[in-house]
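So the sequence shown is numbered by this note's numbering: it starts at 18 and just counts up by one.
Worksheet for the structure shown next.
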Amino acid sequence: MWLVAAGALVLAAMIQSALIPFHNWLLSSMTAPTPASALMHAGFVNAGGILLTRFAPVITVDSTLMLAVVAVGAASAGGGKLLKSVQTDIKSKLGCSTVGQMGFMIMQAGLGFFGAAITHLILHGFYKAYQFLSSGEQVEHTSPSETTEHTIGPLTSAVGFVVALLTGLAGGVVFTVLTGKGASVDSGLLLTFFVVFTTLHAARSAVQHTSLPTLARYGAVPLVFFPAIVIYAVVYEGVSGLLAVSTATTELTLLHGVIAVTFVGIYVAIETGIHEDSQRLYVALLNATQPSSNTLLTSTEDYNEY
């Protein structure tokens, strides 16, 4: 009876947070006005993480169930990244990004870090609402201007990767020192791994912007990302202090290692464009993100001009 109740809670969280394969309702909301999309992506989808946190004493009873939550969260986190890679419009990209971010949030709950899950949904909500409400800025309202292409040489690229890698590792150390997570051999190691991985990816994207001088880019990376990690850690500690059950770490298992390796593989595949070589994969990913036909307006007469 307990297993049925716990399973129903996890299923409800998956549906409400639009985890794969229940993501279609959220992507179909892309046909709604942008403010409505912002509300859905910054508010409604958070209910899954809140549900698991409120019922943390039920979810944490069995370690196998916690691993299942980690698995479904990781599947959506990686799947959302792949779905985003084939999108061509800004709202669809943001929608697929939300699917991935909700996967990360649910995965953190499965790792036993409910404080991290709530922190994630708070910060993601602010960020995603801003992204949707400012999406109109992505549309060019003037004739395209000629720009000079800048290429990054092999040496500069290698140095940039080293800078990004060192920034990511240092970010993980800062996070561990401030929160204590990742200091022992448990599920906290995977959480710290994702902090390192996320920081590395963001830092690498920053150093590849050729609009700024090379030295300025390399110097700005740690100055920007270290304070951001500190702010995240402070918010995390503050949120954790308000929760009845904020942390319930589990033992490190083979599944955690497989998830870490899988994410590295997905990242490398997307960065190198390997996934673009398969037309079958491209079509499958594109079809998986199509909104429901019932949400599409095929005639301008259906629009309310007021």
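Glycine residues also receive a C-beta, built at the ideal position from the N, C-alpha and C atoms.
Everything numeric in this text was worked out from a predicted model, so none of it was measured.
Starting from the C-beta of residue i, find all residues in its chain whose C-beta is less than 6 Å away, skip the five residues before and the five after it, and write them out in chain order.
i: Ala10; result: Any question about residue 10 goes unanswered here, given that the chain covers just 18 to 323.
i: Leu43; result: Ala35
i: Leu195; result: Ala250
i: Gly282; result: none
i: Thr77; result: Ala265
i: Glu221; result: Rather than Glu, the amino acid found at residue 221 in this sequence is Arg. The answer, listed in chain order, is Ala181.
i: Ile276; result: Ala91
i: Ala30; result: Gly65, Leu68, Leu69
i: His141; result: Gln118
i: Ser257; result: Gly132, Ser263
Kindly identify the DSSP beta-bridge partner or partners of residue i.
i: Thr264; result: Phe130
Could you tell me the boundaries of the alpha helix (DSSP H) in which residue i lies?
i: Met83; result: 80-101
i: Glu288; result: 271-289
i: Ile67; result: 64-71
i: Met31; result: 19-33
i: Pro52; result: 51-59
i: Met301; result: In the sequence under discussion, the amino acid at residue 301 is Ala, which differs from the Met named in the question. Where Ala301 is concerned, the enclosing alpha helix (DSSP H) stretches over 296-304.
For residue i, does the three-state DSSP call read helix, strand or coil?
i: Lys145; result: helix
i: Gln118; result: helix
i: Pro38; result: coil
i: Lys198; result: coil
i: Val176; result: helix
i: Gly258; result: coil
i: Ser46; result: helix
i: Gln125; result: helix
i: Ser109; result: helix
i: Pro308; result: coil
i: Ser222; result: helix
i: Thr216; result: helix
i: Thr184; result: helix
i: Thr209; result: helix
Take residue i and list the residues in its own chain whose beta-carbon comes closer than 7 Å to its own, dropping the five residues that flank it on each side.
i: Ala126; result: Gly66, Leu69, Thr70, Val86, Ala134
i: Met124; result: Val87, Gly90, Ala91, Ala94
i: Leu138; result: Asn63, Gly66, Met122
i: Ser114; result: Gly97, Lys101
i: Leu240; result: none
i: Leu186; result: Val213
With a threshold of 8 Å on Cβ separation, who are the neighbours of residue i within its own chain once the five nearest residues in sequence on each side are excluded?
i: Leu302; result: Leu99, Leu100, Ser102, Val103
i: Met47; result: Ser54, Lys108, Ser109, Gly112, Pro308
i: Val247; result: Val191, Leu195
i: Glu268; result: Ser80, Asp203, Ser204
i: Ile287; result: Lys98, Leu99, Ser102
Check the Cβ-Cβ distances between residue i and every residue of chain B, and say whether any is below 8 Å.
i: Phe192; result: Absent here is chain B; the protein component of the structure consists of one chain.
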